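What follows is a set of notes on a single structure, which appears directly below.
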Amino acid sequence: MTVGSDVKQCFASLKGVEASLSSLALRTLDDESKRTLHEAMMVVHEVTKDLKKRVGELEGEELQYKGF
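The numbers in the numbering used here rise by one with no breaks, and the one at position 14 of the sequence shown is 20.
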């Protein structure tokens with residue numbers, strides 16, 4: 007596996023985690039749990055934004071990483 011494909015796979019996994027945290031936050035009844043899950047989702051969202059930028063950088067550096 008190339009670095010680019012590893013980073014893309016990590017990005018996809020984190021998007022799944024973000025969606026799961028969001029879903030759990032919406033379904034839980036406890037307000038403190040909702041808040042905690044939402045905060046965790048926002049942290050993961052920031053990481054995915056940074057990772058998406060990194061994928062773009064990798065694609066610019068190495069043509070074989072194109073295709074995101």
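Cβ atoms here follow ideal geometry from the backbone N, Cα and C, with glycine treated the same way. As the structure is a computational prediction, the values presented were derived from the model and not from experiment.
Distance between S26 and E68 (C-alpha atoms, nearest Å): 32 Å
### Task
Go to E65, then tell me how far its alpha helix (DSSP H) extends in each direction, as first and last residue.
37-67
**Message:** Spatial neighbours of L64 within its chain, please: C-beta separation below 8 Å, excluding the five flanking residues on both sides.
**Reply:** V9, G10, V13, Y71
>> Does the structure place the stretch 51-64 close enough to the stretch 33-40 that three or more beta carbon pairs sit under 8 Å?
In response: no
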